[in-house]
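In what follows, a structure is listed as structure tokens, so that the remarks can point back to it.
Residue numbers (my numbering): 605 to 939.
Encoded structure:
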């Protein structure tokens with residue numbers, strides 16, 4: 605956190621008035637800057653209770669108390685934090701601290717753990733946790749659907765949700781990429797796998813999963829971790845191409861693009877071998893750059909500040925979620 609504090613002090617100090625135009629992104633960053641030190645202090649002072657002790661505590665609740673606590677926590681997370689924002693993009697947020705539905709965004713959701721199942725072997729072979737079947741519009745998630753008490757314990761103890769949420773987020777982003785609602789709201793397959801660039805699609809899906817503070821996995825904690833996973837998932841060997849794909853998608857997310865907007869961009873863009881770039885994403889990025897800064901140097905400072913804000917918020921939103929969860933649990937034991 606010390607390094608993050610130093611980066612924040614430098615990058616937000618650089619957001620002066622010279623070299624910048626007027627833009628809502630700048631206004632937001634300048635408003636956020638003075639709050640960073642307080643946020644980092646709060647994160648550093650927070651003590652996370654162990655998962656075993658938290659489970660023991662939750663085990664003392666009646667089913668009615670647990671349901672009351674889950675609903676109270678869900679309400680406060682929605683009202684007081686940005687913790688669930690990424691899951692709103694894929695319509696997953698209503699099912700946090702609740703029972704999983706059989707369908708999401710029109711896709712059938714299937715949790716499974718049968719070692720003899722074809723999909724089990726397929727997913728295990730790819731060292732993955734899930735899969736999206738494009739033509740059938742089905743999402744497969746390896747393992748059991750996390751129960752409400754598991755979710756409550758995980759948030760209170762770690763600030764994160766069980767890993768299945770990250771898997772669902774990833775696969776539902778793939779569903780976004782291939783399906784669109786028709787005039788009656790029904791999901792319709794509009795694109796096919798052989799018409800797309802799998803590297804861009806995987807960069808988008810992994811970036812979405814990693815962007816939620818509710819998701820944390822040690823093997824996806826850095827840019828290098830994510831790029832390696834993207835390359836493996838897409839069968840790509842060109843590290844420059846993979847890094848560029850991830851950086852462009854992530855930067856556009858930082859600049860305000862949601863998953864539906866990103867899906868519309870990545871699904872039609874293609875690698876230009878001569879220029880060694882993805883021209884569609886670059887065009888979109890440069891258009892936003894030209895609106896928000898008078899020169900490239902100024903825009904680079906904006907991007908550094910946005911990346912720092914992203915890193916701070918990952919920690920801070922987890923801290924808030926854990927703090928609120930423990931407050932809710934404490935209130936359930938009050939006489």
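We put the CB at the ideal spot given by N, CA and C, even for glycine. Remember, it's a predicted structure, so these values are computed and weren't measured experimentally.
Simplified DSSP assignment, three categories, for residue i
i: residue 637; result: helix
i: residue 712; result: strand
i: residue 707; result: strand
i: residue 736; result: strand
i: residue 557; result: Lying outside 605 to 939, the shown extent of the chain, residue 557 is not represented and no answer is given.
i: residue 642; result: helix
i: residue 914; result: helix
i: residue 793; result: strand
i: residue 988; result: No information on residue 988 is available, as it lies outside the stretch 605 to 939 that the chain covers here.
i: residue 652; result: coil
i: residue 658; result: helix
i: residue 882; result: coil
i: residue 647; result: helix
i: residue 819; result: coil
i: residue 694; result: coil
i: residue 700; result: coil
i: residue 687; result: coil
i: residue 744; result: strand
i: residue 904; result: helix
i: residue 839; result: coil
i: residue 826; result: coil
i: residue 861; result: coil
i: residue 682; result: helix
i: residue 929; result: helix
i: residue 935; result: helix
Of the listed residues the options, nearest to residue i (C-alpha basis)
i: residue 935; options: 676, 809, 775, 628; result: 676
i: residue 613; options: 909, 755, 709; result: 909
i: residue 861; options: 812, 843, 708, 834; result: 812
i: residue 627; options: 928, 772, 894, 839; result: 894
i: residue 836; options: 663, 732, 781, 635; result: 732
i: residue 671; options: 912, 743, 638, 753; result: 753
i: residue 877; options: 630, 788, 848, 615; result: 848
i: residue 839; options: 805, 822, 824, 825; result: 805
i: residue 653; options: 611, 937, 931; result: 931
i: residue 937; options: 665, 616, 608; result: 665
i: residue 704; options: 755, 667, 668; result: 755
i: residue 631; options: 859, 711, 699; result: 859
i: residue 706; options: 788, 933, 744, 850; result: 744
i: residue 735; options: 610, 674, 768; result: 768
i: residue 785; options: 741, 610, 748, 825; result: 741
i: residue 748; options: 892, 636, 642, 713; result: 713
i: residue 641; options: 611, 828, 668; result: 611
i: residue 933; options: 873, 788, 872, 678; result: 678
i: residue 851; options: 913, 873, 827; result: 827
Distance between residue j and residue i (C-alpha atoms, nearest Å)
i: residue 684; j: residue 692; result: 15 Å
i: residue 923; j: residue 796; result: 41 Å
i: residue 762; j: residue 817; result: 11 Å
i: residue 717; j: residue 905; result: 47 Å
i: residue 715; j: residue 765; result: 17 Å
i: residue 689; j: residue 919; result: 15 Å
i: residue 746; j: residue 831; result: 23 Å
i: residue 890; j: residue 800; result: 23 Å
i: residue 793; j: residue 911; result: 34 Å
i: residue 751; j: residue 902; result: 47 Å
i: residue 822; j: residue 841; result: 23 Å
i: residue 618; j: residue 737; result: 46 Å
i: residue 833; j: residue 739; result: 24 Å
i: residue 698; j: residue 639; result: 29 Å
i: residue 669; j: residue 700; result: 17 Å
i: residue 855; j: residue 907; result: 8 Å
i: residue 711; j: residue 888; result: 29 Å
i: residue 702; j: residue 674; result: 8 Å
i: residue 798; j: residue 843; result: 22 Å
i: residue 607; j: residue 921; result: 19 Å
Same chain only: Cβ atoms within 8 Å of residue i, ignoring 5 sequence neighbours per side
i: residue 808; result: 777, 781, 853, 863, 866, 867, 870
i: residue 845; result: 803, 875, 880
i: residue 709; result: 694, 695, 776, 779, 780, 783, 791
i: residue 824; result: 810, 813, 814, 830, 833
i: residue 873; result: 801, 804, 882, 883, 884, 885
Nearest-angstrom beta carbon gap, residue j and residue i [assumed within contact, 8 Å]
i: residue 681; j: residue 687; result: 5 Å
i: residue 886; j: residue 644; result: With 8 Å as the limit, residue 886 and residue 644 do not qualify as a contact, their Cβ atoms being about 33 Å apart.
i: residue 650; j: residue 881; result: Rounded, the Cβ-Cβ distance is 42 Å, inconsistent with contact.
i: residue 774; j: residue 820; result: No, residue 774 and residue 820 are not in contact; Cβ-Cβ is about 14 Å, not under 8 Å.
i: residue 815; j: residue 857; result: 6 Å
Beta-carbon contacts of residue i that lie in its chain and below 7 Å, excluding the five residues immediately before and after
i: residue 757; result: 655, 658, 659, 662
i: residue 605; result: 644, 647, 648
i: residue 634; result: 619
i: residue 914; result: 858
beta-carbon residue i near the ligand FMN non-hydrogen atom, thresh 8 Å
i: residue 616; result: With respect to the ligand FMN, the structure offers nothing, as it holds no ligand at all.
6 Å CB neighbourhood of residue i in its chain, flanking five on each side removed
i: residue 759; result: 925, 929
i: residue 637; result: 616
i: residue 771; result: 733, 734, 745
i: residue 883; result: 876
i: residue 609; result: 644
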